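**Student:**
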Amino acid sequence: MEKSLPPKLAKLLDKGLAYHRAGDVNAALEAYNAILKKQPRQPDALSLKGVALLGLGDAEAAVKFLSLAAKRRPEDAIIWNDLGMAQEAMSDAVAAHNSFNKALAIDPMLPAALVNQARYALANGSIESALAQSDQAIKAQPAFVQAQNVRGLALQALDRLD
Numbered sequence: 036m037e038k039s040l041p042p043k044l045a046k047l048l049d050k051g052l053a054y055h056r057a058g059d060v061n062a063a064l065e066a067y068n069a070i071l072k073k074q075p076r077q078p079d080a081l082s083l084k085g086v087a088l089l090g091l092g093d094a095e096a097a098v099k100f101l102s103l104a105a106k107r108r109p110e111d112a113i114i115w116n117d118l119g120m121a122q123e124a125m126s127d128a129v130a131a132h133n134s135f136n137k138a139l140a141i142d143p144m145l146p147a148a149l150v151n152q153a154r155y156a157l158a159n160g161s162i163e164s165a166l167a168q169s170d171q172a173i174k175a176q177p178a179f180v181q182a183q184n185v186r187g188l189a190l191q192a193l194d195r196l197d
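In the numbering used here, the protein residues as written are 36 to 197.
1. Check whether the Cβ of Ala-182 sits closer than 7 Å to any heavy atom of the ligand NAP, and report yes or no.
2. Using only the alpha-carbon positions, how far apart do Met-36 and Asp-93 sit?
3. Please name the residue in Gly-90, Lys-43 and Val-150 whose C-alpha comes closest to that of Arg-56.
4. Rounded to whole angstroms, what is the Cα-Cα separation between Pro-109 and Trp-115?
5. Could you check where the alpha helix (DSSP H) with Gly-51 kicks off and where it finishes?
6. Looking at the structure shown, is Asp-170 part of a helix, part of a strand, or coil, going by DSSP?
7. What's the C-alpha gap between Leu-83 and Ala-124?
8. Could you compute how far the alpha carbon of Pro-146 sits from the alpha carbon of Gln-152?
Next comes the structure, spelled out in structure tokens:
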């Protein structure tokens, strides 16, 4: 069972997330590292550090931290989806596809994972599947631009330009 964060570390995690959202990834990483120094296996800090590293272009390190986070919290669909994105950035399409599948097994309507699987399907010639998954993502989150984009690409591939 996962321990909850002590109040000081929870506050630090919130601070790191605020920095991250504001685009100050280095300050966010400092906060995540401070948490991991005290609790090296803390899944939120591991996951957020992985996402930050991915944003900085270090996909290999991102995979490392997101894999650790997924081991600590295997029921978290968002972590699996983020891991898939990092694996995809490392050009490991098979591992990415498997991670996206794990995310969807946990949360079948996670829009980001649906779009990622739709992109994978589109790239592998499964146009109808890409269209269905992008439609599901749009149903779950109507203003999801990436889902609309993949849907458009699938329709174009099907020559359904109307």
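Note that the Cβ used here is the ideal one computed from N, Cα and C, for glycine as well.
These numbers were taken from a predicted model, which means no experiment stands behind them.
**Tutor:** Once the coordinates are examined:
1. Absence of the ligand NAP from the depicted structure is noted, as is the absence of any ligand whatsoever, leaving it without description.
2. Any answer about Met-36 is weak, because its pLDDT of 42 lies below 50 and its placement is not dependable; what the coordinates show is given next. Each residue's alpha carbon lies about 30 Å from the other.
3. Gly-90
4. 8 Å
5. 42 to 56
6. helix
7. 17 Å
8. 10 Å
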